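Have a look at the structure below before the remarks.
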Amino acid sequence: MTSPLQGASNFRDVGGYITQDGRRVKRGQVFRSDHLAGLTADDVLQVQGMGLTHSLDFRGVAECAATPYDIAGVQRVALSIEPSVIAKMQALVAQGIEPTTEETVELMRGTYRDFVNHNADTFGRFLKHLLAHSTPQVFHCTAGKDRTGFAAALLLSALGVDRATIEHDYLLTNQLYRRDPHIEGKGPAHVMKVLWQVQPAFLHAAFEAVDQQGGMQDYLHGPIGLDTHEVQDLRDWLLQA
Numbered sequence: 002m003t004s005p006l007q008g009a010s011n012f013r014d015v016g017g018y019i020t021q022d023g024r025r026v027k028r029g030q031v032f033r034s035d036h037l038a039g040l041t042a043d044d045v046l047q048v049q050g051m052g053l054t055h056s057l058d059f060r061g062v063a064e065c066a067a068t069p070y071d072i073a074g075v076q077r078v079a080l081s082i083e084p085s086v087i088a089k090m091q092a093l094v095a096q097g098i099e100p101t102t103e104e105t106v107e108l109m110r111g112t113y114r115d116f117v118n119h120n121a122d123t124f125g126r127f128l129k130h131l132l133a134h135s136t137p138q139v140f141h142c143t144a145g146k147d148r149t150g151f152a153a154a155l156l157l158s159a160l161g162v163d164r165a166t167i168e169h170d171y172l173l174t175n176q177l178y179r180r181d182p183h184i185e186g187k188g189p190a191h192v193m194k195v196l197w198q199v200q201p202a203f204l205h206a207a208f209e210a211v212d213q214q215g216g217m218q219d220y221l222h223g224p225i226g227l228d229t230h231e232v233q234d235l236r237d238w239l240l241q242a
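If you read the sequence shown in this note's numbering, its first letter stands for residue 2, the second for the next number, and so on.
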């Protein structure tokens, strides 16, 4: 599997997966990606040809300023979640502390717990925006792996896709994403490898935090803020027999 775009290596359709009740997620409606600032002229034509109306951007303020983009006909919607793990890592390095691989993994697991426990409002706005427009849309962060990965997991969970399939989609990032040293910054190689790839342990930390709040349905109806009708509307739009 490869991205159809030259300038966004982690761009892909979230459609095609089978739900637990035997339906299929529609293709051509919702896409996930790394940032879109590197799109070529041909990429832009492709994106416009997909009929995309909105790009939902999870990047923080500094990230957006460093790699801005503007695609004619596609409205960018800011859903900012600051990349806290990078700040934590920089603070440790500034103190002369070099985290081990295991400590870095645990920092990433903490980031995913934070998505669940502290960023539910933003992820709720993401799902509500998808539902409010029912047109082809793309959501992304910088690498399209963590904030985007959890957003995809939430969406697919709401649609009734099982966790093993969601994890498969999540791990595709390791095959697709081309690391960019200009974006990554500097740090110990073993640390950067953890930060700029994905591991099952990261997503599991998010699911564990969701389960501590009563499971996915309780989480969607509680902190995420979708009522039963909204979840059904999402399924009516994005699922086919």
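Beta carbons are placed, not taken as given, at the ideal position from N, Cα and C, and that holds for glycine. It should be emphasised that the depicted structure is a prediction, and the values quoted were computed from it without experimental measurement.
Reduced DSSP category for Ser135 - H, G, I as helix; E, B as strand; rest coil:
coil
For Leu6, which residues in the same chain have their Cβ closer than 6 Å to its Cβ, ignoring the five residues on either side in sequence?
Phe12, Asp44
If we ignore side chains and look at the alpha-carbon of each, how far apart do Val94 and Ala153 end up?
31 Å
Residue from Glu104, Met90, Ala79, Thr112 whose Cα sits closest to the Cα of Asp58:
Ala79
Which residues bound the alpha helix (DSSP H) around Val94?
85 to 95
Give the straight-line distance between the Cα atoms of Gly52 and Leu177, rounded to the nearest whole angstrom.
23 Å
Own chain residues within Cβ distance below 8 Å of Ala73, not counting five before or after
Val45, Gln49
Flag this pair as touching only if the stretch 195 to 215 and the stretch 148 to 167 have three or more C-beta atom pairs under 8 Å; answer yes or no.
yes
According to DSSP, simplified to helix, strand and coil, what is Ala154?
helix
Asp22, enclosing alpha helix (DSSP H) - first and last residue:
Note, Asp22: premise wrong, no alpha helix (DSSP H); not H, not E.
Taking the straight line between their C-alpha atoms, what separation do you get for Ala67 and Ile184?
9 Å
Could you check where the alpha helix (DSSP H) with Leu204 kicks off and where it finishes?
201 to 212
What is the DSSP secondary structure of Pro57, counted as helix, strand or coil?
It should be noted that the sequence gives Leu, not Pro, for residue 57. Leu57 falls in the strand class under three-state DSSP.
What's the gap between the Cα of Ile19 and the Cα of Glu104?
36 Å
Considering only residues of the same chain and omitting the five flanking positions on each side of Glu99, which have a CB-CB separation below 7 Å?
Pro189
May I ask which residues mark the beginning and end of the alpha helix (DSSP H) holding Ala42?
42 to 50
Under 8 Å between C-beta atoms of Gly145 and Ser34
yes
Indicate the three-state DSSP secondary structure (helix, strand or coil) for Val26 in the structure shown.
strand
Among the candidates Arg110, Thr174, Thr112, whose CA atom is the shortest distance from the CA of His141?
Thr174
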